[in-house]
Amino acid sequence: MKNMYDVIVIGLGIMGASALWRVALKCNRVLGIDTSGPTHRHGSSQGESRIFRRAYWEGDKYLPLLNHANLLWNELEQSIMTQLLYRTGGLFIGSRSSQIIAGSIHTARQGKATLSMRYGTVQQLSKTFRHLKSSMACKRYSSLTHTR
Ligand SMILES: Cc1cc2nc3c(=O)[nH]c(=O)nc-3n(C[C@H](O)[C@H](O)[C@H](O)COP(=O)(O)OP(=O)(O)OC[C@H]3O[C@@H](n4cnc5c(N)ncnc54)[C@H](O)[C@@H]3O)c2cc1C
Numbered sequence: 279m280k281n282m283y284d285v286i287v288i289g290l291g292i293m294g295a296s297a298l299w300r301v302a303l304k305c306n307r308v309l310g311i312d313t314s315g316p317t318h319r320h321g322s323s324q325g326e327s328r329i330f331r332r333a334y335w336e337g338d339k340y341l342p343l344l345n346h347a348n349l350l351w352n353e354l355e356q357s358i359m360t361q362l363l364y365r366t367g368g369l370f371i372g373s374r375s376s377q378i379i380a381g382s383i384h385t386a387r388q389g390k391a392t393l394s395m396r397y398g399t400v401q402q403l404s405k406t407f408r409h410l411k412s413s414m415a416c417k418r419y420s421s422l423t424h425t426r
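According to the working numbering, the sequence shown is numbered sequentially starting from 279.
Set out below in structure tokens:
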């Protein structure tokens, strides 16, 4: 009995660790196994920082998943009383017709209950993002979206 577990998760990157966290809430005996760790630099989840974003040009079909993940990040932060995410908003720069701009506008519109978005020319948005004014690279682009 000593070595019996309800669930064993092998590999504790973001996927395994998240799965283990959720099953640990429901099962009495869970075990996580990793070749390294608990913190190390050999997986793709590990490193100095990672981005979690809901400014999502890839498609609005991901919105329910992203919103749910956002709630879980909140829950995790509260349960360990530690800030893990630094919520900054997302800024995309590109031409109006590019997939990244058109897609992020579309997703933000579909998710307007939970996301806010601004769209404008570089000249307009450089009033908020002042450092863009001096960026030569930005002169080539005509539009930005900012999603929060
Ligand atoms: C450099 C880099 C940066 C990235 N940045 C981002 C980002 O900012 N935002 C984002 O959303 N995605 C990012 N990604 C993608 C994201 O990191 C991966 O999609 C995600 O981390 C995959 O998680 P995972 O748990 O499946 O794998 P991993 O994080 O790789 O975890 C696998 C775990 O399994 C363990 N393991 C491996 N073999 C064994 C074994 N035989 N026995 C036991 N344990 C084992 C490893 O030690 C590791 O801990 C980035 C990827 C890379 C490579």
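Idealized CB from N, CA, C, for every residue including glycine.
Taking 8 Å as the threshold (C-beta atoms), are R332 and E403 in contact? For this step, residue 403 is matched to residue 125 along the sequence shown. For this step, residue 332 is matched to residue 54 along the sequence shown. It is Leu, not Glu, that sits at residue 403 in the sequence shown. Contact: no.
Is W351 closer than 8 Å to F330 when the C-beta atoms are compared? Within the sequence shown, numbered from 1, the residue matching residue 330 stands at position 52. Within the sequence shown, numbered from 1, the residue matching residue 351 stands at position 73. Yes, the Cβ-Cβ distance between F330 and W351 is below 8 Å.
For G368 and I383, I'd like the C-alpha separation in whole angstroms. Taking the first residue of the sequence shown as position 1, residue 368 is located at position 90. Taking the first residue of the sequence shown as position 1, residue 383 is located at position 105. About 12 Å.
Whole-angstrom C-beta distance between D338 and T385, which should lie under 8 Å: Reading the sequence shown from its first residue, position 107 is the one you call residue 385. Reading the sequence shown from its first residue, position 60 is the one you call residue 338. Contact holds; Cβ gap of about 5 Å.
Classify G372 as helix, strand or coil using the three-state DSSP reduction. Position 94 of the sequence shown, counted from the start, is the residue given in the question as residue 372. Strand.
Sequence-distant residues of the same chain with beta carbon closer than 8 Å to V308, five excluded per side: Taking the sequence shown and counting its residues from 1, one reaches residue 308 at position 30. Within the same chain, V308 has close Cβ partners Y283, D284, V285, I286, V287, L298, V301 and A302.
Pull up the CB-CB distance for S323 and I292, whole angstroms please, since I reckon it's below 8 Å. Against the sequence shown, residue 323 aligns to sequence position 45. Against the sequence shown, residue 292 aligns to sequence position 14. 4 Å between Cβ atoms; contact.
Which runs of the alpha helix (DSSP H), 4 residues or longer, sit entirely within the segment 335-374? 341-358
CA nearest to the CA of R328, picked from G315, T360, G294 and Y364: Against the sequence shown, residue 328 aligns to sequence position 50. Minimum Cα distance to R328 is reached at Y364.
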